[in-house]
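Here is the structure we will look at, set down as structure tokens.
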Amino acid sequence: SSSGLNTQEIDGEVLFRRLVSEYQTEVKNRAQTLTLEMPGPMPRLLVDEVQFYQALTNLVGNGLKYTPNEGHVAIKVSVDGKLLDVSVKDDGIGIPADKQDRLFERFYRVRSSETSHIPGTGLGLSLVKAVAEAHGGAVWVESEEKKGSTFHLQAPVVVV
Ligand code: ATP
Ligand code: MG
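Residue numbering for the sequence shown is -6 to 153, as defined by the numbering used here.
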């Protein structure tokens, strides 16, 4: 299609359960917790499943990666009409206020003593932004240094 998306109607519950199950080994190894809260019933979604899933894994992967062992990552899905809001909240290292604007740029990484040993290319969030926008939505962050971060991916993809 002209949007570059291969849009299909999919089962939202199946997608999010697969997302959480993908990280079980890593979460266990690092004594972290990963929780999922969904509305019941979870609706069907009209998305490019491959791209949308990739965006979700980038957010959850970051949440776990930038959160120390024994930390917590919580995925919360909420629905308001056509609008899907996915928040990924962690209690990890957080992001300094003056660095938050640039996070979604390609190759941008925060440089600090806490991040210097954590590998990454700085592309994940630029992809999340592109996927959110391609679906007519947006991504943003609320974060406090040393307290944690909450990323929101919001898009009008709910089948009503
Ligand atoms: P890649 O995702 O390409 O492997 P990356 O994780 O470094 O590498 P992004 O996902 O684009 O790249 O994130 C950009 C930067 O934003 C990260 O390098 C990190 O500094 C910061 N960041 C992203 N998510 C979090 C988070 N949940 N907590 C703290 N910092 C984060
Ligand atoms: Mg990343």
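Every residue gets a Cβ at the ideal spot worked out from N, C-alpha and C, and that includes glycine.
Give me the residue from the options with the minimum Cα distance to residue i.
i	options	result
L116	H110, V124, F97	F97
F160	V81, G87, L120	One cannot answer for residue 160 here, as it falls past the ends of the chain, which runs -6 to 153.
L12	L27, E2, R23	L27
R95	V132, H128, S106	V132
I3	M35, S109, Q17	M35
T50	Y16, G5, A90, N(-1)	Y16
G5	A24, E42, H110	E42
Cutting at 6 Å between CB atoms, please list the residues of its own chain near residue i, excluding the five before and the five after it.
i	result
G85	Y59, T60, G64, G141
K69	E30, S80
E137	G87
Q44	V124
For residue i versus residue j, is the C-beta spacing smaller than 8 Å?
i	j	result
L38	V153	no
D73	H145	no
I88	V134	yes
Q1	L76	no
Following a CB-centred definition, is residue i positioned closer than 7 Å to any heavy atom of the ligand MG?
i	result
G113	yes
N51	yes
G64	no
G117	yes
Could you tell me whether any non-hydrogen atom of the ligand ATP is closer than 7 Å to the CB of residue i?
i	result
V55	Looking at the sequence provided, one finds Asn at residue 55 rather than Val. Because some heavy atom of the ligand ATP lies under 7 Å away, the Cβ of N55 counts as near it: yes.
Y59	yes
V124	no
R142	Reading off the sequence shown, one finds Ser at residue 142, where the question assumed Arg. Result yes, Cβ under 7 Å from the ligand ATP.
Y16	no
R102	yes
Tell me, to the nearest whole angstrom, how far the beta carbon of residue i is from that of residue j; I am working on the premise that it is less than 8 Å.
i	j	result
A125	A67	Their Cβ separation, rounded to whole angstroms, is 20 Å, which puts A125 and A67 out of contact at 8 Å.
D83	G56	4 Å
A127	G33	That pair is no contact at about 28 Å.
For residue i, collect the residues of the same chain with a Cβ closer than 8 Å to its Cβ; drop the 5 residues on either side in sequence, then sort them by chain order.
i	result
K92	V103
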